[in-house]
Each structure stands twice: as C-alpha cells, then as structure tokens.
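**Student:**
In mature numbering (1 follows the signal peptide of the UniProt record, and there is no 0), the protein residues as written are -22 to -1, 1 to 474.
The structure is reproduced here in structure tokens:
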C-alpha cells in the first residue's frame, strides 16, 4: 500500500487496491481550538488528478448539512488540495466533519478506496476578520454616519496596512433567526481601483432599507490579480467585518418623549476594550454562544445605533412609574399567560408602591416565567405540602433551579400568584433598581442593566450582547400602544 496523504491535515492516508479488504471509514484524530477562518490544505504523497478535486470528493459538514466550501487545487503544488473558508467563516464553538471520498485519484489512476473523516471544533472566539501574514490587512471600517437613516447614504472610512490597496465591499442584512442573512448586496462593482490604504472614504449612493446589517470588506494588494485566499464571494488577501443599523426616524424630545443624557467619564473605545478583555459578553450564532468580537460588542454598546422607535426602550427609565396604564391595558397583554392572566392590577399596585416602570416589570415576569407557564410560575412544585410560586426565578440557582426557586418562595411565603408577584417586585426594586450598593446603583435602564458603564465589564445583569435590544424589540411589539399614552423619560448614555 502506498501513502497518499501526508501530515498537513491528517497523519496518514493510503491508496489501496480495490481487491484489499478495508475498514469502512478511516477516522483521524479530532482537532480542537480551530480558528473560525481556517483554510484547510490537504497534502497528498502523489499529485492528484484534477478531475478528483471537486465538492463531491471533499466536503465539510456540520451536524445537518454540507457547509458548501469551495475546493481547488494548489497552483504551486499538484499534491495539495485547498478547502477555502465559507463566507463569513465557521461558527465559533461548533464541531464540523471534514471528509474525503474514496473516489479521489492520483494522476497515475490509483483510487483512495477508503473514505476518510476528521472532526474539528472551532474555538469559541468570534473574529472580525482575517490577518494573514505578509498581506494587506484591513484594521478599521468605521461609519461616517453617526446615525444612519433610510434617507442617508452609507459612508465608510477604511484603513488598511500597506501603501495602495483594492477593496470589494458587501452588505448582509440580518433576519435574526440565528446568524442567517438575506442574500448579500455588493456595494462596489468588483474591486475598486488602487486607493490609499491609510485612509479611504467610500460612499454607497443607493438607498438602504431599514434594518441591521453586517458590512464585509475584502482587500488585496494593488498589484494582485488574484487574492491569496478565497470564499463564496471573491478571492482576497484578507477581509474585515463591521456592523451598521439603518433606521427610519431618529427619536427626539416631544410631548410624550423626554430624552435626557447621562455623561460618563470614560471613552467609548476604552469601555469596549474592557468588555472584550473581560470575555463577559457573549453572542449567539446558530444556537452556539461565542465570545463577542470587538466589533459586535461595539455595535450593541453604541447608543447611536438604537435611537429609533424599536431601539429606544433600551433607554427607557425603569425607575419611573407610569400614570396612564390601566389594569385592562395590562390584562390584554397577560391574556393566556398562565397564572399571570388577570394580574394587571397587582402589577400596577406593586410597581407604584416600589416606584418601578410597570411595563418593564410585566415584561420581566413574562420573560422569566415562560409567559406564566413555567413550573415555578404554575404552582406545580410543592414544599412541605404547599404550592409555591416564583415568577422572576429568584433564588433559582442552576444546580437545581426548580427546587431552589421553590425553596426561596416557601421561605418567603409565596403561596399564591399575588404573593409571588408582590414579593418578587419588592426584591427587584431593593436588590437591583434601588440597591444601596454602588456597583449596582447605575441600573435604571435596560442598557445600563446590561452594560453597567459605571463599572465596566462587571456586575452585569446579562452576558448576551443583544439582551437590551431584544427586550426593546419585544416591548415595542407588545407594549407600544400602552407606552404611547405615557410621558416616557429616556436616559441615553454619552461617553467621552
């Protein structure tokens, strides 16, 4: 038997005559901590028949499908097959299977005959792009529009290493179903002519629809005909990603909207860098949680991205009571919500007593109790023969959340839904919103509950970078008509 594949990816792979009985699959040791932008090179011991180099014989699969990477021969070495990275890279923290078909042949006609599989798992760090050595690298793609609206032109400032470079730019629109995107839109027409790498402004002269976008910038050297790397979009030397949000209208002070600003003595870039260094912010990609990259953290931390009717509830003051909310208003929202149904007046009374925004506290209860239908919210768990209720998951530690949450409810006498609501709202007011602990005192909006800019990267209510925005969208969808009747105070952070 002759060795076919050497140690670039696998330790050993052999051609076998068809008359030799072989194992069904040759499985090679798994690899871990692989960069999400990994380009695989498979080196064989013989030159490979170019007809064998195709997406049928070389695949990368996740647990459900063929990822669809491009397969090509290495022009500098006929023994090497290259599996390009998928557009936008692999999902961080996910396991894939690289497979080689037994139909792969060498140029002298000998077939591999044994399928080969190797699993690899990407590391959990989300990356903003590639940084291949010795090639032009984009290190900044900043928005020139402080706030981008549908009536504006998207303008970018690009900075890269080197003297002169060429750019190709694409725009992907989020649809928020798990790192999926609508079909990309190219903003350039192929690569630009060679431009100044140190400072280049680009403007897209067509309109952009309202939505959340990912900008992908490809770069290659001014003299490069073909880039050193390739994915589903183009050949390139390196690429870089950033994020942009386009809104219809910018909110402003009005009879029903009172916008205030809170100044912080820290610069925005510094607070973002502290978040990145702390690994305290996570981003979900197709159900896999990764450490957020600098640009995704910066996007969700930047208040300018969310100054519209959908994002504004991130800045709604939750330590202010609402005057024009009735029990009937809330009961329409609570209809069909398990043991929370019909509890509108209880919410209003408790929110007014503890000086809380009742819409926020209703949403919080719905979120934590699975719409009033969790075991803790349904009274399904008894302690010493008594049904207990807990709508906010207080004391429900991960070791055994139902047991621990029920014990906390029992110890505090929460034996009816009303008791649990009143007690839980009191707890949130005292321990979070009006805490005497200075580390928790700056939690008067959803934004500050998530990011806590007075104590950067510490004492945050949630790790999900989208947490405040996602809640704002849900409040917009469910409570907008209620909130429109009230004079809402918004507090927007301003950084140095």
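In this text, a Cβ means the ideal position worked out from N, Cα and C, and glycines have one as well.
In the DSSP assignment, what are the bridge partners of residue 98?
**Tutor:** Partner(s): 9 and 74.
**Student:** Starting from residue 326, follow its DSSP beta bridges and name the residues at the other end.
**Tutor:** According to DSSP, which records beta bridges pairwise, residue 326 is partnered with nothing at all.
**Student:** Between the beta-carbon of residue 63 and the beta-carbon of residue 78, is there less than 9 Å?
**Tutor:** Their beta carbons are not under 9 Å apart, which means residue 63 does not touch residue 78 by this criterion.
**Student:** Using only alpha-carbon positions, find the residue among 225, 356 and 457 that is nearest to residue 335.
**Tutor:** Residue 457 is the option with its Cα nearest to residue 335.
**Student:** Considering Cα atoms alone, identify which of 48, 93, 223 and 83 is closest to residue 17.
**Tutor:** Measuring from the Cα of residue 17, the nearest candidate turns out to be 48.
**Student:** Among the residues of its own chain, which have a CB less than 7 Å from the CB of residue 70, if the five just before and after it don't count?
**Tutor:** 14, 100, 101, 102, 103, 104, 263, 266 and 268.
**Student:** On the premise that residue 261 lies in contact with residue 249, defined as a C-beta separation below 8 Å, what is that separation, rounded to the nearest angstrom?
**Tutor:** Between residue 261 and residue 249 the Cβ distance is about 17 Å, and since that is not below 8 Å, they are no contact.
**Student:** If you follow the alpha helix (DSSP H) that residue 461 is in, where does it begin and where does it stop?
**Tutor:** That run of the alpha helix (DSSP H) goes 445 to 461.
**Student:** Excluding the 5 residues flanking residue 467 on each side, which residues of the same chain have their C-beta closer than 6 Å to its C-beta?
**Tutor:** Only 236, 295 and 298 meet the Cβ criterion.
**Student:** Alpha helix (DSSP H) containing residue 309: first to last residue?
**Tutor:** Note, residue 309: alpha helix (DSSP H), 305 to 312.
**Student:** If we ignore side chains and look at the alpha-carbon of each, how far apart do residue 404 and residue 422 end up?
**Tutor:** If I take the Cα positions, the gap works out to 15 Å.
**Student:** Less than 9 Å between the C-beta atoms of residue 197 and residue 217, yes or no?
**Tutor:** Result yes, Cβ atoms of residue 197 and residue 217 sit closer than 9 Å.
**Student:** For residue 244, count neighbouring Cβ atoms within 10 angstroms of its own Cβ and tell me buried if that reaches 16, exposed if not.
**Tutor:** Residue 244 is exposed by the Cβ-count criterion.
**Student:** Do you know how far the Cα of residue 177 is from the Cα of residue 134?
**Tutor:** About 10 Å.
**Student:** Measuring alpha carbon to alpha carbon, tell me which of 435, 407, 447 and 369 ends up nearest residue 252.
**Tutor:** If we check each option's Cα against that of residue 252, 435 comes out closest.
**Student:** Taking the Cβ atom as the reference point for each residue, do residue 208 and residue 50 lie within a distance shorter than 9 Å?
**Tutor:** Contact flag set, yes.
**Student:** Does residue 264 come out as helix, strand or coil in the three-state DSSP assignment?
**Tutor:** The answer is coil: DSSP assigns residue 264 none of H, G, I, E or B.
**Student:** If you follow the alpha helix (DSSP H) that residue 474 is in, where does it begin and where does it stop?
**Tutor:** Segment: none, residue 474 is in no alpha helix (DSSP H) and carries neither H nor E.
**Student:** Drop a sphere of 10 angstroms on the beta-carbon of residue 410, count the other beta-carbons inside from all chains shown, and report buried for 16 or more, exposed for fewer.
**Tutor:** Burial call: buried.
**Student:** Taking residue 118 and residue 137 to be in contact with their CB atoms under 8 Å, please state how far apart those CB atoms are, rounded to whole angstroms.
**Tutor:** Contact holds; Cβ gap of about 4 Å.
**Student:** Do the stretch 317 to 328 and the stretch 427 to 441 make contact, defined as three or more Cβ pairs closer than 8 Å?
**Tutor:** No: the two stretches stay apart, fewer than three of their Cβ pairs being nearer than 8 Å.
**Student:** In whole angstroms, what is the alpha-carbon distance linking residue 390 and residue 366?
**Tutor:** Each residue's Cα considered, the two are about 10 Å apart.
**Student:** What are the boundary residues of the alpha helix (DSSP H) that residue 321 is part of?
**Tutor:** Premise fails: residue 321 is in no alpha helix (DSSP H) and is neither H nor E.
**Student:** Could one say the Cβ of residue 419 lies closer than 9 Å to chain B's Cβ atoms, at least one of them?
**Tutor:** Protein chains in the displayed structure number just one, and chain B is not present.
**Student:** Using the C-alpha atoms, what's the distance from residue 431 back to residue 324?
**Tutor:** Whole-angstrom Cα-Cα distance: 33 Å.
**Student:** When you compare each of 373, 448 and 305 to residue 387 by their alpha carbons, which one comes out closest?
**Tutor:** Residue 373 is the option with its Cα nearest to residue 387.
**Student:** Looking only at DSSP bridge pairs, what is residue 164 linked to?
**Tutor:** The partner list for residue 164 (beta bridge, DSSP) reads 148.
**Student:** Assuming residue 353 and residue 316 form a contact by the criterion Cβ under 8 Å, report the distance between their Cβ atoms to the nearest whole angstrom.
**Tutor:** About 11 Å separates the two Cβ atoms, so there is no contact after all.
**Student:** So what's residue 222 in DSSP terms, helix, strand or just coil?
**Tutor:** Strand, per DSSP.
**Student:** Mapping DSSP to helix, strand and coil, what is residue 274?
**Tutor:** The answer is helix: DSSP assigns residue 274 an H, G or I state.
**Student:** Which one of 147, 332, 338 and 246 has the shortest CA to CA distance from residue 474?
**Tutor:** Nearest of 147, 332, 338 and 246 to residue 474, Cα basis: 246.
**Student:** Within its chain, find whatever has a CB closer than 6 Å to the CB of residue 124; leave out the 5 residues flanking it on each side and keep chain order.
**Tutor:** 282, listed in sequence order.
**Student:** Considering residue 429, what are the terminal residues of the alpha helix (DSSP H) in which it resides?
**Tutor:** Unbroken alpha helix (DSSP H) run through residue 429: 424 to 429.
**Student:** Kindly give me the distance between the Cβ atoms of residue 337 and residue 461, rounded to whole angstroms, as I take these residues to be in contact under 8 Å.
**Tutor:** Rounded, the Cβ-Cβ distance is 6 Å, consistent with contact.
**Student:** Taking the DSSP output, what are the residues bridged to residue 392?
**Tutor:** The partner list for residue 392 (beta bridge, DSSP) is empty, contrary to what the question assumes.
**Student:** Assuming contact is defined by CB atoms lying nearer than 9 Å, are residue 38 and residue 66 in contact in what I supplied?
**Tutor:** Taking 9 Å as the Cβ cut-off, residue 38 and residue 66 do not qualify as a contacting pair.
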